[in-house]
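Worksheet: one structure, shown below.
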Amino acid sequence: IDTGPGRYQLGGFTISDTHNYGTLSVEGVIQKSSNVGALKIAQKMTPHEMWDTYTALGYGQKPQIQFPGAVTGRVRPWQKWKPVEQATMAYGYGLSASLFQMAHSYTSFAHDGRLIPLTILRSPEPAVGVPVFSAENARAVRKMLQMAAAPGGTGPLAQTVGYSVGGKSGTAHKQVGRGYASNKYRAWFTGMAPIDKPRIIVGVMIDEPSDGVYFGGLAAAPVFSEVVQQTLRTMNVAPDLAVKPLVVTQGVDESF
Numbered sequence: 009i010d011t012g013p014g015r016y017q018l019g020g021f022t023i024s025d026t027h028n029y030g031t032l033s034v035e036g037v038i039q040k041s042s043n044v045g046a047l048k049i050a051q052k053m054t055p056h057e058m059w060d061t062y063t064a065l066g067y068g069q070k071p072q073i074q075f076p077g078a079v080t081g082r083v084r085p086w087q088k089w090k091p092v093e094q095a096t097m098a099y100g101y102g103l104s105a106s107l108f109q110m111a112h113s114y115t116s117f118a119h120d121g122r123l124i125p126l127t128i129l130r131s132p133e134p135a136v137g138v139p140v141f142s143a144e145n146a147r148a149v150r151k152m153l154q155m156a157a158a159p160g161g162t163g164p165l166a167q168t169v170g171y172s173v174g175g176k177s178g179t180a181h182k183q184v185g186r187g188y189a190s191n192k193y194r195a196w197f198t199g200m201a202p203i204d205k206p207r208i209i210v211g212v213m214i215d216e217p218s219d220g221v222y223f224g225g226l227a228a229a230p231v232f233s234e235v236v237q238q239t240l241r242t243m244n245v246a247p248d249l250a251v252k253p254l255v256v257t258q259g260v261d262e263s264f
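And the structure:
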């Protein structure tokens, strides 16, 4: 996927990456958080196909659970999409979703392609789930998420001692009225661990980060790391890494 020169003109709009990443594989698009790469992948799908995937994952649907903050969100009908809307939705703009919905959608990757029903009750029976992706594709996405949370990706600070992790960082300008604020952000990191046989999915969102950094890989990923480590230890999940992971202090700057 050619992402050069790091920007793409579409319908009078310019969509940009933080760097010119040149030619990337699909894995590289996820690892580097390339907006240009994401929109070019989206262009290979019809709006209807893309909308079907979003709705199958629960976006734009009211969560079937009595839980505070379980809002519907919004995905516009695909018939009304303009080309630039389809492009920006590929990397998270132009639709609204809660962190709860985002974490729920990750169950499809954690459970080999099946979206697991929501519940706040423990059940002795294993959840079956609704098929959304093939098991092969879900496992491939898990590996991509692992790359994104490793050195060279946007979220190496999500790594934790003893457990393999995978996840995706994100950063967005806050919506104000019908537009977006230029200097207010939301930063998030959503992922799972251990990566080969996930036991937990964790979503972290920082509203208006104020410590001098606003990228999700810098503001939210460290919180994800601490929550994952303490939760898995509390659950008595055996570590799947023998050594402390290599964590770099500076990851790749993510695009919006």
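For the sequence shown, our numbering begins at 9 and goes up steadily by one.
Even for Gly, the Cβ is constructed at its ideal location relative to N, Cα and C.
Just so you know, these numbers come straight off a predicted model, no measurement behind them.
Counted as a single uninterrupted DSSP element, the stretch harbouring residue 166 is not any beta strand (DSSP E), since DSSP gives it neither H nor E. In the DSSP assignment, no residue is bridged to residue 86.
Looking from the CA of residue 66, the closest CA among 125, 131, 48 and 206 belongs to 125. Residue 52 counts as exposed, since fewer than 16 other C-beta atoms from the protein chains shown sit within 10 angstroms of its C-beta. Around the beta carbon of residue 112, 16 or more other beta carbons lie within 10 angstroms, which makes this residue buried. Collapsing the DSSP output to three states places residue 92 in a helix. Between the stretch 188 to 198 and the stretch 223 to 233 there are three or more inter-stretch CB-CB distances shorter than 8 angstroms, so the stretches are counted as touching. Judged by DSSP secondary structure, residue 62 falls within the alpha helix (DSSP H) whose first and last residues are 55 to 64.
Looking at the backbone, the Cα of residue 236 and that of residue 94 are separated by about 33 angstroms. Of all alpha-carbon atoms in 239, 186 and 72, the one lying nearest the alpha-carbon of residue 207 is that of 239.
The continuous stretches of beta strand (DSSP E) do not include residue 74, and DSSP gives it neither H nor E.
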